[in-house]
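Student: Take this structure first; my questions come after.
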Amino acid sequence: MTQRKLFEERKAKNLPDPSYDLDGDGIVSAHEYFLAKHFDQDKDGRLNSSEKKNALQSLENGYEKKFMWNVEETGPFRGHRLLQVRGQFVDGEDFVPVRETYPRHPMSDVKPHVKNKTELDLKRKEEVMNSLKQKRDEWEKMNPRTVPQEYKVSEFLVDKPTNTSMKQIRSEKVLHARKAQGLSEKTTDLKDEIVAPTLAYVEHPGIASRSELQAKHKADNVTRVCRLVEGVVEVWTEQICRRRRQTENTRRLHTKVS
Numbered sequence: 420m421t422q423r424k425l426f427e428e429r430k431a432k433n434l435p436d437p438s439y440d441l442d443g444d445g446i447v448s449a450h451e452y453f454l455a456k457h458f459d460q461d462k463d464g465r466l467n468s469s470e471k472k473n474a475l476q477s478l479e480n481g482y483e484k485k486f487m488w489n490v491e492e493t494g495p496f497r498g499h500r501l502l503q504v505r506g507q508f509v510d511g512e513d514f515v516p517v518r519e520t521y522p523r524h525p526m527s528d529v530k531p532h533v534k535n536k537t538e539l540d541l542k543r544k545e546e547v548m549n550s551l552k553q554k555r556d557e558w559e560k561m562n563p564r565t566v567p568q569e570y571k572v573s574e575f576l577v578d579k580p581t582n583t584s585m586k587q588i589r590s591e592k593v594l595h596a597r598k599a600q601g602l603s604e605k606t607t608d609l610k611d612e613i614v615a616p617t618l619a620y621v622e623h624p625g626i627a628s629r630s631e632l633q634a635k636h637k638a639d640n641v642t643r644v645c646r647l648v649e650g651v652v653e654v655w656t657e658q659i660c661r662r663r664r665q666t667e668n669t670r671r672l673h674t675k676v677s
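In my numbering, the protein residues as written are 420 to 677.
Written out as structure tokens, the structure reads:
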């Protein structure tokens, strides 16, 4: 046997059996070779029908997820460690999968009454305040602050008085005073009697034309000016008379002194 034949025989022995092809693509990859090795129960280097059926069924149920793949691709400069704890992989310090392997804690179903210490302090403070309030109510019940007294009817009380309030008395006095002076019972505002001008049609107006309106305005202005002049004349006359009286009084004083 030559060296070449020896190498060919060794190479043929190292080739995986076609039964290790789990995905049916005609090639047995390293991935498939690793998984098929776990289902080769008799260790004969091939999978029989029952072993292959068991392998395919396990892969469908997620058997492949039990392993961590492609770890060697990161090389020696891996940024975080990779552990296997209780059958679970811990990658990047993520221990959440390991927590699921432990049994459920009996206190995990207990729902707390408060979420944090602040709520606990507030609840305790409220309980203390309620307790103090209850004790205070009990003490006040035993020792009341005020004692109810019997209501005594005044001797000057009238069952059915004529006037029930001071406002009614004042209004009656005002009404009697207005009647005594010949006034109406209710006060009226002059503005209420003034009718606001409107654009409605008036069949017989007081002033029929613009010329009549101007004449009326002119007559009113003349009357107003006359009254004003009369008032000014009266004021001037009164001032002149006052000055004359002052002058006469001054002369009389001078004559008496001389």
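Backbone N, C-alpha and C fix where the C-beta goes; we use that ideal spot for every residue, glycine too. In this text the structure is predicted, and so the values were computed from the model without any measurement.
Since I believe T520 is in contact with R505 (beta carbons under 8 angstroms), could you give me their beta-carbon distance rounded to a whole number of angstroms?
Tutor: About 4 angstroms; that satisfies the 8 angstroms criterion.
Student: What would DSSP say about F508, mapped onto helix, strand or coil?
Tutor: It is a strand residue.
Student: Across which residues does DSSP place L502 in a beta bridge pair?
Tutor: The partner list for L502 (beta bridge, DSSP) reads V509.
Student: Report, in whole angstroms, the separation of the C-beta atoms of V547 and L539, which I expect to be a contact under 8 angstroms.
Tutor: Contact flag wrong, Cβ pair sits at about 13 angstroms.
Student: Among the residues of its own chain, which have a CB less than 8 angstroms from the CB of E604, if the five just before and after it don't count?
Tutor: Result list for E604: L594, R597, K598, in chain order.
Student: Check N480 in the structure and name its three-state DSSP category.
Tutor: Three-state DSSP puts N480 in coil, outside helix and strand.
Student: At which residues does the alpha helix (DSSP H) containing D528 begin and terminate?
Tutor: No alpha helix (DSSP H) holds D528; DSSP gives it neither H nor E.
Student: So does the region 431-451 actually touch the region 464-476, counting three or more Cβ pairs closer than 8 angstroms?
Tutor: As far as the Cβ criterion goes, the region 431-451 touches the region 464-476, which means the pair count is three or higher.
Student: Taking a contact to mean a Cβ-Cβ separation below 7 angstroms, would you say F508 touches M487 in this structure?
Tutor: Contact flag set, yes.
Student: Could you pull out every unbroken alpha helix (DSSP H) segment of at least 4 residues lying fully inside the region 585-628, listed in chain order?
Tutor: If we require 4 residues or more, the alpha helix (DSSP H) runs fully inside the region 585-628 come out as 585-599, 609-612.
Student: Can you list, in chain order, the residues of its chain with a C-beta nearer than 8 angstroms to that of E591? Leave out the 5 residues immediately preceding and following it.
Tutor: Counting only Cβ-Cβ distances below 8 angstroms, and skipping sequence neighbours, we find N582.
Student: Write down the C-beta distance between N473 and F458 rounded to the nearest angstrom, noting that I regard them as a contact closer than 8 angstroms.
Tutor: Indeed, because the Cβ distance is near 6 angstroms, the residues count as touching under 8 angstroms.
Student: Taking only three categories from DSSP, how would you classify G464?
Tutor: Reduced to three states, the DSSP call for G464 is coil.
Student: What's the call for A455, buried or exposed, on a 16-neighbour Cβ count within 10 Å?
Tutor: Buried.
Student: Report, in whole angstroms, the separation of the C-beta atoms of I626 and L632, which I expect to be a contact under 8 angstroms.
Tutor: Going by Cβ atoms, the distance from I626 to L632 rounds to 5 angstroms, so yes, they are a contact pair.
Student: Kindly indicate which three-state DSSP category L441 falls into: helix, strand or coil?
Tutor: Three-state DSSP puts L441 in coil, outside helix and strand.
Student: From E428 to D510, what distance separates their C-alpha atoms?
Tutor: One C-alpha to the other measures close to 42 angstroms.
Student: Since P516 is in the alpha helix (DSSP H), which residue starts that stretch and which ends it?
Tutor: Where P516 is concerned, the enclosing alpha helix (DSSP H) stretches over 515-518.
Student: Could you give the distance in angstroms between the alpha-carbon of K637 and the alpha-carbon of A615?
Tutor: Those two C-alpha atoms are separated by around 23 angstroms.
Student: Leaving aside the five residues before and after P580 along the sequence, list all residues of the same chain whose C-beta is less than 6 angstroms from its C-beta, in chain order.
Tutor: Correct list: empty, nothing qualifies.
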